[in-house]
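**Q** Numbering (the numbering used here), first residue to last: 12 to 178. The C-beta atom is built at its ideal place from N, Cα and C for all residues, glycine as well.
Following this line, the structure appears as structure tokens:
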């Protein structure tokens, strides 16, 4: 997926170009450790675009900020970037003139918290799918997704890295 022109904390990468009047928009956001060429986040974008060619599919790439710090407290360093990444991503997404009532945000781990803040900036969105939402022990308090999406689903595992809070 090609990157946007901006070289800030987040790159907006679009699968197969933008559709002028899309049926729907899907925004995918990775968590800590980022995304790489051909990984599960790129494959998810490609699969959605193949099935729904009249939709826009966007990958938010904040890989550099999602790898900051080191050692035991790395998650705390990464958590400090979530709000800044989300604020920047929201501006870039608003420039795409997406219709928030026809938008689904899909996140993984800390990417769910980036998405929640983006949705807040957009005045809400239609749907959020939250996979493996990160534990609050990582330094970021899990938001209530029901406040920023008309419909929200969160899928948790029993991992110590995932929150056990209902979000």
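On a Cα-Cα basis, can you pick out the residue from 48, 53 and 41 that is closest to residue 26?
**A** In the chain shown, counting from the first residue as 1, residue 26 sits at position 15. Checked all of 48, 53 and 41; the closest Cα to residue 26 is 53.
**Q** Evaluate contact between the region 56 to 71 and the region 33 to 44, counting only Cβ atoms and requiring at least three cross-stretch pairs below 8 Å.
**A** yes
**Q** Got a sec? Which residues, its chain only, sit under 6 Å from residue 172 by beta carbon, not counting five neighbours each side?
**A** For the purposes of this step, residue 172 is taken as residue 161 along the chain shown, with counting starting at 1. Result list for residue 172: 146, in chain order.
**Q** Can you grab the Cα-Cα spacing for the pair residue 153 / residue 178, in whole Å?
**A** The sequence position of residue 153 within the chain shown is 142, counting from 1. The sequence position of residue 178 within the chain shown is 167, counting from 1. Going from the Cα of residue 153 to the Cα of residue 178 covers about 7 Å.
**Q** Nearest CA to the CA of residue 119: which residue from 51, 92, 82 and 57?
**A** Indexing the chain shown from 1 puts residue 119 at position 108. Here the closest residue by C-alpha is 51.
**Q** From residue 32 to residue 142, what does the alpha carbon distance come to, in whole angstroms?
**A** Counting from 1 along the chain shown, the entry for residue 32 is found at position 21. Counting from 1 along the chain shown, the entry for residue 142 is found at position 131. Answer to the nearest angstrom: the Cα atoms are 28 Å apart.
**Q** For residue 180, which of helix, strand or coil comes out of DSSP?
**A** No answer is possible for residue 180: it lies beyond the span of the chain, which begins at 12 and ends at 178.
**Q** Could you please give me the residues that DSSP links to residue 112 through a beta bridge?
**A** Mapped onto the chain shown, residue 112 falls at position 101. Per DSSP, none; premise fails for residue 112.
**Q** With three or more C-beta pairs closer than 8 Å as the rule, is the region 54 to 61 touching the region 95 to 107?
**A** Contact fails: fewer than three Cβ-Cβ distances are below 8 Å.
**Q** How is the beta strand (DSSP E) around residue 22 delimited, first residue to last?
**A** Residue numbering aside, residue 22 sits at position 11 when the chain shown is read from its first letter. It spans 22 to 25 - the beta strand (DSSP E) in which residue 22 sits, taken as one unbroken run.
**Q** Applying the 10 Å Cβ sphere with the 16-neighbour rule, what's the burial state of residue 110?
**A** Residue numbering aside, residue 110 sits at position 99 when the chain shown is read from its first letter. Classification for residue 110: exposed.
**Q** Who are the Cβ neighbours of residue 12 in its own chain at under 7 Å, not counting the five residues just before and after it?
**A** Residue numbering aside, residue 12 sits at position 1 when the chain shown is read from its first letter. Cβ within range, chain order: 24, 25, 26, 53, 56 and 70.
**Q** Specify the secondary structure class of residue 37 as computed by DSSP and reduced to three states.
**A** On the chain shown, residue 37 is found 26 positions in, with the first residue counted as 1. It is a strand residue.
**Q** I'd like the list of long-range same chain contacts for residue 157, defined as Cβ closer than 7 Å, with 5 residues on each side in sequence excluded.
**A** By one-based count along the chain shown, residue 157 stands at place 146. Excluding residues up to 5 positions away in sequence, 163 lie with their Cβ nearer than 7 Å to the Cβ of residue 157 in the same chain.
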